[in-house]
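>
2 protein chains.
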Amino acid sequence: MQNVVNALRALEEVAVRQPVGVADLARALELPKSSVQRTLVTLHGAGWIRPAGGTPTRWLVTTKALHVGRHATGELGLRDVALPVMEELRRSTDETIHLAVREGGNVVLVERLETSQPVRIILPLGQNLSMHASANGKAVLAADPPEAAERYIAEGLRSFTGTTITDPQKLREELEETRARGYATNSGEWRADVSAVACAVVGESGLPFASISVNVPTSRMTPGVLPEFGALVNAAAKRVSAALGRAHEGGGAR
Amino acid sequence: MQNVVNALRALEEVAVRQPVGVADLARALELPKSSVQRTLVTLHGAGWIRPAGGTPTRWLVTTKALHVGRHATGELGLRDVALPVMEELRRSTDETIHLAVREGGNVVLVERLETSQPVRIILPLGQNLSMHASANGKAVLAADPPEAAERYIAEGLRSFTGTTITDPQKLREELEETRARGYATNSGEWRADVSAVACAVVGESGLPFASISVNVPTSRMTPGVLPEFGALVNAAAKRVSAALGRAHEGGGAR
DNA sequence: GGGGTTGTGCCGTCTAGCGGCACGCTGTAT
DNA sequence: ATACAGCGTGCCGCTAGACGGCACAACCCC
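Chains as they are written, first to last, in full-length UniProt numbering: chain A, 1 to 254; chain B, 1 to 254.
1) Measuring straight from C-alpha to C-alpha, what distance separates residue 154 of chain B and residue 80 of chain B?
2) Thinking just about the alpha-carbon of each residue, which of A:143, A:48 and A:188 is nearest to the one in residue 211 of chain A?
3) Look at residue 1 of chain A and residue 57 of chain B and say whether their C-beta atoms are less than 7 Å apart.
4) Span of the alpha helix (DSSP H) holding residue 11 of chain B?
5) Of all the options B:236, B:213 and B:120, which has the alpha carbon lying nearest to the alpha carbon of residue 193 of chain B?
6) Would you mind reading off the limits of the beta strand (DSSP E) that contains residue 124 of chain B?
7) What are the partner residues of residue 109 of chain A, as DSSP defines its beta bridges?
8) Secondary structure at residue 52 of chain B, three-state DSSP: helix, strand or coil?
9) Using a C-beta cutoff of 7 Å, does residue 250 of chain A count as contacting chain B?
10) Hey, residue 111 of chain A and residue 96 of chain A are a contact pair by Cβ (cut 8 Å); roughly how many whole angstroms apart?
11) With a CB to CB cut of under 8 Å and the five nearest residues on each side skipped, what residues in its chain are close to residue 47 of chain B?
12) Output needed for residue 251 of chain A: all residues of its chain with C-beta closer than 6 Å, excluding positions within five of it in sequence on either side, in chain order.
13) Give the secondary structure of residue 229 of chain B by DSSP, where H, G and I count as helix, E and B as strand, and everything else as coil.
14) DSSP beta-bridge partners for residue 217 of chain B?
15) So what does DSSP say about residue 211 of chain B, is it helix, strand or coil?
16) Taking 8 Å as the limit between beta carbons, can you name the residues of its chain near residue 246 of chain A, skipping five residues before and five after?
17) Count the other CB atoms within 10 Å of the CB of residue 176 of chain A; is the residue buried (16 or more) or exposed (fewer)?
18) How close, in whole Å, do the beta carbons of residue 208 of chain A and residue 198 of chain A come, if the pair is a contact with beta carbons under 8 Å?
19) Could you tell me the distance, in whole angstroms, from the CA atom of residue 138 of chain A to the CA atom of residue 17 of chain A?
20) When DSSP labels each residue in this structure, what does residue 60 of chain B get in the three-state scheme?
21) Thinking residue 214 of chain A and residue 82 of chain A are a contact (beta carbons under 8 Å), I'd like their distance in whole angstroms, please.
22) Looking at residue 39 of chain A: is its Cβ nearer than 7 Å to the Cβ of residue 10 of chain A?
23) So if DSSP puts residue 201 of chain B in a beta bridge, which residue, or which two residues, is it bridged to?
24) When you compare the CB of residue 42 of chain A with every CB in chain B, is at least one pair closer than 7 Å?
25) Across which residues does DSSP place residue 81 of chain B in a beta bridge pair?
26) I think residue 134 of chain B touches residue 107 of chain B, with their Cβ atoms under 8 Å apart; what is that distance to the nearest whole Å?
27) Measure the beta-carbon distance from residue 52 of chain B to residue 19 of chain B and round it to whole angstroms, keeping in mind my assumption that it falls under 8 Å.
28) Taking only the alpha-carbon atoms, compute the straight-line gap between residue 3 of chain B and residue 185 of chain B and give it to the nearest angstrom.
29) Could you confirm whether any beta carbon from chain A is found closer than 7 Å to the beta carbon of residue 242 of chain B?
30) Consult DSSP for residue 184 of chain A and reduce its assignment to one of helix, strand or coil.
31) Does the beta-carbon of residue 238 of chain B have 16 or more other beta-carbons within 10 angstroms, so that it is buried, or is it exposed?
32) Could you tell me whether the Cβ atoms of residue 187 of chain A and residue 216 of chain A are closer together than 7 Å?
33) At the level of alpha carbons, what is the spacing between residue 230 of chain B and residue 89 of chain B?
34) Please list, in chain order, the residues of the stretch 111-133 of chain B that have any C-beta partner in chain A closer than 8 Å.
35) Buried or exposed: residue 54 of chain B, going by 16 or more other Cβ atoms within 10 Å of its Cβ?
36) Measure the C-alpha to C-alpha separation of residue 21 of chain A and residue 31 of chain A and round it to an integer number of angstroms.
Below you can see the structure in the form of structure tokens.
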């Protein structure tokens with residue numbers, strides 16, 4: 001099915017480079033022009049891309065991918081269950097609430113409710129967050145079995161800002177604290193101006209598969225609000241976990 | 001490229017029915033089980049779906065589609081240009097702001113900023129809005145050349161609520177008013193509790209390709225705010241159009 | 001415990017995708 | 001004015017790779 005693989009590669013490439021022509025794409029994909037041309041026509045027929053209209057023909061992605069992507073929440077109904085809880089969480093904090101799902105070695109932002117305050121964090125849906133440098137990631141990691149965390153650590157901890165935890169031992173301690181505390185934190189470890197508290201959502205198997213976070217500009221993150229938001233986000237994650245069929249056992253993380 | 005078409009159908013089907021197994025899918029797609037199986041493995045290899053982990057194998061879509069879908073804004077950089085303007089629009093209205101792009105005979109919601117007020121409208125990104133029963137749609141239709149509008153009208157005007165405009169002549173008058181007024185309106189014509197004002201974003205060719213709207217629960221939509229929000233949304237759409245390279249000529253719509 | 005259903009894998013047939021090639025067009029540099 | 005390089009598009013013979021029938025082990029629910 002090399003064919004399908006190439007078509008999907010073409011689709012992604014169109015998304016990144018749009019509006020783009022056949023020849024450009026063929027070069028980028030290192031594929032014969034005529035093959036790419038055929039692929040584009042097929043993708044168009046299936047409704048995933050469309051010509052821009054002018055001449056020469058330039059291709060754009062349609063919203064088909066959006067429709068498919070909306071369902072990418074890992075568990076059936078996670079979004080529906082989480083949204084009302086996130087709503088309430090935003091009302092009580094008036095800060096930006098994120099819902100992220102684990103995927104591969106990362107955590108991906110899939111839903112967002114914003115604060116009404118002027119200074120705010122806007123991350124695009126679909127944003128990848130690394131496990132060790134985001135509150136959502138650390139919440140998931142802390143709720144994981146130790147082996148899984150070790151496997152992640154073994155891949156190396158990339159640094160993003162001055163406060164990013166890159167020392168394996170320090171990260172282990174941090175995860176331990178997170179479990180004891182019931183929520184994970186992040187103070188400018190990925191981007192200097194973004195701080196957050198998060199708690200994992202666990203499934204029937206007891207494994208974490210998603211995470212909810214309250215995101216605050218570092219400038220507004222005073223020591224006082226941290227435990228307050230922590231307790232709120234912990235309760236929220238517990239409610240979502242429970243609604244998905246299983247009591248949220250132990251702290252907020254494990 | 002029947003192959004690719006089937007793979008994309010499978011992907012969509014997985015998104016809708018996830019978590020789903022091979023046999024289920026094969027029935028839904030009316031394709032041999034072994035073919036579907038091969039397709040699933042390929043889609044997995046390409047990173048678009050993933051097995052749920054347990055046994056029996058159930059498939060889920062990944063966030064790959066989200067990443068691609070994020071670029072589905074029709075014009076290069078539309079989202080980046082529009083977001084700050086939408087931000088300001090929300091600050092001045094404290095209502096939910098939508099960015100929609102035209103696609104085929106519809107208009108599709110691609111970005112959203114919410115009000116902080118408790119009663120609010122939440123539409124999913126990727127939502128299709130019909131041309132004649134939404135403020136965004138009517139704004140685009142009013143900015144289109146008359147032939148295009150007539151072509152749309154000829155396809156028939158479906159009714160959603162008691163106030164949906166289904167009479168072609170009434171719609172023509174409404175579009176005329178919209179052009180004169182500089183913004184389109186919607187008072188519960190699609191869903192009874194949703195009202196809005198909108199204005200089209202036009203490209204270099206002078207044709208509308210997107211639209212910005214302020215969405216208000218019908219209960220909050222008093223006669224007074226209508227012209228106020230109308231003027232604001234008109235100014236916002238003009239700014240986006242201009243930033244995309246061309247002065248926004250004439251009223252707010254054309 | 002057995003009948004049905006599931007996910008998975010093999011393999012011979014032949015179809016449908018592959019890609020080299022040529023065409024007409026447009027915009028640019030000479 | 002002319003040449004040229006690049007573009008998007010379409011054709012067509014060859015063959016690689018997809019197709020789908022089939023078989024099998026594991027599982028679940030009567």
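Virtual Cβ for every residue (Gly too), placed ideally from N, Cα, C. Computed from a predicted structure; not experimentally measured.
According to the structure data:
1) One-based indexing of the second sequence puts residue 154 of chain B at position 154. One-based indexing of the second sequence puts residue 80 of chain B at position 80. So the two alpha carbons sit approximately 35 Å from each other.
2) Along the first sequence, one-based indexing puts residue 211 of chain A at 211. Its Cα nearest to that of residue 211 of chain A, the residue A:143 stands out among A:143, A:48 and A:188.
3) Stepping through the first sequence from its first residue, residue 1 of chain A is reached at position 1. Stepping through the second sequence from its first residue, residue 57 of chain B is reached at position 57. In this structure, residue 57 of chain B does not lie closer than 7 Å to residue 1 of chain A by Cβ.
4) Against the second sequence, residue 11 of chain B aligns to sequence position 11. From DSSP, the alpha helix (DSSP H) with residue 11 of chain B extends over 2-17.
5) Your numbering for residue 193 of chain B matches position 193 in the second sequence. From the listed residues B:236, B:213 and B:120, the smallest Cα separation to residue 193 of chain B is found for B:120.
6) As a first step, residue 124 of chain B is located in the second sequence; it is residue number 124 there, counting from the start. Note, residue 124 of chain B: premise wrong, no beta strand (DSSP E); not H, not E.
7) One-based indexing of the first sequence puts residue 109 of chain A at position 109. DSSP lists A:100 as the beta-bridge partner residues of residue 109 of chain A.
8) To locate residue 52 of chain B, count along the second sequence from 1; it is residue 52. Three-state result, residue 52 of chain B: coil.
9) Walking along the first sequence from the start, residue 250 of chain A turns up at place 250. Caution is warranted here: a pLDDT of 35 is assigned to residue 250 of chain A, below 50, making its placement in the model unreliable, and no coordinate value can be reported.
10) Taking the first residue of the first sequence as 1, we reach residue 111 of chain A at position 111. Taking the first residue of the first sequence as 1, we reach residue 96 of chain A at position 96. Cβ atoms of residue 111 of chain A and residue 96 of chain A stay farther apart than 8 Å, at about 11 Å.
11) The residue labelled residue 47 of chain B in the question sits at position 47 within the second sequence. Hits under 8 Å: 62 and 64.
12) By 1-based counting over the first sequence, the position of residue 251 of chain A is 251. Because the pLDDT at residue 251 of chain A is just 36, under 50, the model does not fix this residue reliably, and the value given afterwards should be weighed accordingly. Within the same chain, residue 251 of chain A has close Cβ partners 179 and 182.
13) Position 229 of the second sequence holds residue 229 of chain B. Note: residue 229 of chain B maps to helix in three-state DSSP.
14) Stepping through the second sequence from its first residue, residue 217 of chain B is reached at position 217. Assignment of beta-bridge partners to residue 217 of chain B by DSSP yields B:194.
15) Counting from one through the second sequence, the residue named residue 211 of chain B turns up at place 211. When DSSP states are grouped into helix, strand and coil, residue 211 of chain B belongs to the strand group.
16) For this step, residue 246 of chain A is matched to residue 246 along the first sequence. At residue 246 of chain A, the pLDDT of 42 sits below 50, so the modelled position is not reliable; the number obtained from the coordinates is stated separately. For residue 246 of chain A, the CB contacts under 8 Å within the same chain, skipping 5 residues up- and downstream, are 202, 203, 204 and 206 in chain order.
17) Taking the first residue of the first sequence as 1, we reach residue 176 of chain A at position 176. It is exposed - the Cβ of residue 176 of chain A has fewer than 16 other Cβ atoms within 10 Å.
18) By 1-based counting over the first sequence, the position of residue 208 of chain A is 208. By 1-based counting over the first sequence, the position of residue 198 of chain A is 198. The Cβ separation is near 11 Å, so there is no contact.
19) Taking the first sequence and counting its residues from 1, the one referred to as residue 138 of chain A is at position 138. Taking the first sequence and counting its residues from 1, the one referred to as residue 17 of chain A is at position 17. Between residue 138 of chain A and residue 17 of chain A, the alpha-carbon positions lie close to 33 Å from each other.
20) For the purposes of this step, residue 60 of chain B is taken as the residue at position 60 of the second sequence. Reduced to three states, the DSSP call for residue 60 of chain B is strand.
21) Sequence index remark: in the first sequence, residue 214 of chain A carries index 214 (1-based). Sequence index remark: in the first sequence, residue 82 of chain A carries index 82 (1-based). With a Cβ gap of about 14 Å, residue 214 of chain A and residue 82 of chain A do not count as contacting.
22) The residue labelled residue 39 of chain A in the question sits at position 39 within the first sequence. The residue labelled residue 10 of chain A in the question sits at position 10 within the first sequence. The answer is yes: Cβ separation under 7 Å.
23) Here residue 201 of chain B refers to the residue found at position 201 when the second sequence is read from its first residue. Paired residues: B:210.
24) As a working mapping, residue 42 of chain A is identified with position 42 in the first sequence. So, interface residue.
25) The sequence position of residue 81 of chain B within the second sequence is 81, counting from 1. Answer is none; residue 81 of chain B lacks a bridge partner.
26) Stepping through the second sequence from its first residue, residue 134 of chain B is reached at position 134. Stepping through the second sequence from its first residue, residue 107 of chain B is reached at position 107. Here residue 134 of chain B really is in contact with residue 107 of chain B; their C-beta atoms are around 7 Å apart, less than 8 Å.
27) As a first step, residue 52 of chain B must be located in the second sequence, where it is residue number 52. As a first step, residue 19 of chain B must be located in the second sequence, where it is residue number 19. Contact flag correct, Cβ pair sits at about 5 Å.
28) As a working mapping, residue 3 of chain B is identified with position 3 in the second sequence. As a working mapping, residue 185 of chain B is identified with position 185 in the second sequence. Take the alpha-carbon of residue 3 of chain B and the one of residue 185 of chain B: they are about 45 Å apart.
29) Residue 242 of chain B sits at position 242 when you count from the first residue of the second sequence. Not flagged as an interface residue toward chain A: residue 242 of chain B, since no C-beta distance is shorter than 7 Å.
30) To locate residue 184 of chain A, count along the first sequence from 1; it is residue 184. In the three-state reduction of the DSSP assignment, residue 184 of chain A falls in the strand class.
31) Against the second sequence, residue 238 of chain B aligns to sequence position 238. Counting of Cβ neighbours within 10 angstroms places residue 238 of chain B among the buried residues, the total reaching 16 or more.
32) Residue 187 of chain A sits at position 187 when you count from the first residue of the first sequence. Residue 216 of chain A sits at position 216 when you count from the first residue of the first sequence. The answer is no: Cβ separation not under 7 Å.
33) Indexing the second sequence from 1 puts residue 230 of chain B at position 230. Indexing the second sequence from 1 puts residue 89 of chain B at position 89. C-alpha of residue 230 of chain B to C-alpha of residue 89 of chain B: approximately 11 Å in a straight line.
34) Against chain A - using a Cβ distance shorter than 8 Å - the residues of the stretch 111-133 of chain B are 113, 114, 115, 116, 118, 122, 124, 125 and 126.
35) In the second sequence, counting from the first residue as 1, residue 54 of chain B sits at position 54. Exposure of residue 54 of chain B is indicated by the presence of fewer than 16 other C-beta atoms within 10 angstroms of its C-beta.
36) Translated into the one-based positions of the first sequence, residue 21 of chain A becomes position 21. Translated into the one-based positions of the first sequence, residue 31 of chain A becomes position 31. The alpha-carbon atoms of residue 21 of chain A and residue 31 of chain A are separated by roughly 14 Å.
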